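**Q**
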Amino acid sequence: MWKSLEVRSCLQEGLFYNVPAKLLQKCGGLLGCMRWRKSKLKVFENLGIPGPTPHFLFGNIFELNRKGPQRCYREWITKYGRIVGFYHGMKPILLVGDPDLLKKIFIKDFQLFCNRPEGVPLRVHSILDYIIPASEIMDNLLVNLKGEHWKRVRSILSSTFSANKLKGMIPAVNQVCDSALSILQEKSAEGEAIDIQNILQRLTLDIISAQAFAMNVDSLNYPADPLFRSAKVIFDQPYSSKILFFGLENTRSPAMVDGCIGYRFREE
Numbered sequence: 241m242w243k244s245l246e247v248r249s250c251l252q253e254g255l256f257y258n259v260p261a262k263l264l265q266k267c268g269g270l271l272g273c274m275r276w277r278k279s280k281l282k283v284f285e286n287l288g289i290p291g292p293t294p295h296f297l298f299g300n301i302f303e304l305n306r307k308g309p310q311r312c313y314r315e316w317i318t319k320y321g322r323i324v325g326f327y328h329g330m331k332p333i334l335l336v337g338d339p340d341l342l343k344k345i346f347i348k349d350f351q352l353f354c355n356r357p358e359g360v361p362l363r364v365h366s367i368l369d370y371i372i373p374a375s376e377i378m379d380n381l382l383v384n385l386k387g388e389h390w391k392r393v394r395s396i397l398s399s400t401f402s403a404n405k406l407k408g409m410i411p412a413v414n415q416v417c418d419s420a421l422s423i424l425q426e427k428s429a430e431g432e433a434i435d436i437q438n439i440l441q442r443l444t445l446d447i448i449s450a451q452a453f454a455m456n457v458d459s460l461n462y463p464a465d466p467l468f469r470s471a472k473v474i475f476d477q478p479y480s481s482k483i484l485f486f487g488l489e490n491t492r493s494p495a496m497v498d499g500c501i502g503y504r505f506r507e508e
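Numbering-wise, the working numbering puts 345 at position 105 of the sequence shown, and it's gapless, one number per residue.
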């Protein structure tokens, strides 16, 4: 008698109906999200553009991480042709290896391709707050500019790379290169192992600092230079650190997932 009353009470309160309904709702929402995700990974297939098969969650990030972007690009162009479609997460990326088409993209039809691809945000709060406290600085970096702002800045910068101005940069560039050669010759004479990547990084920083900011950093002779160390913190990010970012990239709105599955996401 007690059990029958308990069951009757549950039926009256709708508990036996609510639980399956919520479960079916979440399962249906999950299946809908999976179907939507798969459709996003068929962009190039529907357009007839060849390319490597993407992972359901991470696209082609694992292969890019394992082999490195440059090696992957060479292999894909060799295997699939000069136009290849691959995915960062579910974001479609078109790889173009045709020089004539690239010339058209960068010059004739630049107004249609003015924006740079979005990458992993450089602002990592736990590391960079002491280097770059203002987010506006990061938002206005050349690599982050978009639309008309980027087109305006590009038109201003283009005059910097005229033939005459490039020739005017040669003496300062030669000076930095001579310093790098002196270091290489010294280490070679002493029979020391040479970390060529580190030297080229410092060479690049010294040239850019001299030409863009009129600064004599001389990180070639002073490896502990604070500007060089700060630049390494920002740019020495392993490709593997981007896997999660690209795997979740372009997952549109947390509210959309919340509506389908019923879980809450915190938006900051």
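Note that CB positions come from ideal geometry on N, CA and C, so glycine has one too. Just so it is clear, the structure is predicted and the values come from calculations on it, not from any experiment.
Using a threshold of 7 angstroms, state whether the C-beta atoms of L445 and A420 are closer than that.
**A** In this structure, A420 does not lie closer than 7 angstroms to L445 by Cβ.
**Q** So, with DSSP's three-state summary, where would you put G299?
**A** If DSSP states are grouped into helix, strand and coil, G299 belongs with the strands.
**Q** Taking the C-alpha atoms as reference points, what is the distance between M455 and E388?
**A** Near 30 angstroms, if we compare the C-alpha coordinates of E388 and M455.
**Q** P290: which of G325, L381, K280 and K386 sits nearest, CA to CA?
**A** That would be G325, whose Cα lies nearest to the Cα of P290.
**Q** Going by Cα to Cα distance, which pick from G288, G329 and I447 is closest to M409?
**A** For M409, the nearest C-alpha among the options comes from I447.
**Q** Apply the 10 Å Cβ neighbour rule to Q310 and answer buried if 16 or more other Cβ atoms are within range, or exposed otherwise.
**A** It counts as exposed.
**Q** Which of helix, strand or coil does DSSP assign to G269?
**A** If DSSP states are grouped into helix, strand and coil, G269 belongs with the helices.
**Q** Determine the direct distance from the alpha carbon of D379 to that of P332, and round the result to whole angstroms.
**A** Straight-line Cα distance between these residues: approximately 24 angstroms.
**Q** Could you tell me which of C267, V457, G321 and R392 sits nearest to D338, measuring between CA atoms?
**A** Comparing Cα-Cα distances from D338 to each of C267, V457, G321 and R392, the minimum goes to G321.
**Q** For a test of the three-state rule: what should DSSP assign to I434, helix, strand or coil?
**A** I434 falls in the coil class under three-state DSSP.
**Q** Who are the near neighbours of P294 in its chain, counting only those whose CB is closer than 6 angstroms to its CB and skipping five residues on each side?
**A** Taken in chain order, the residues that qualify are L281, N300 and Y327.
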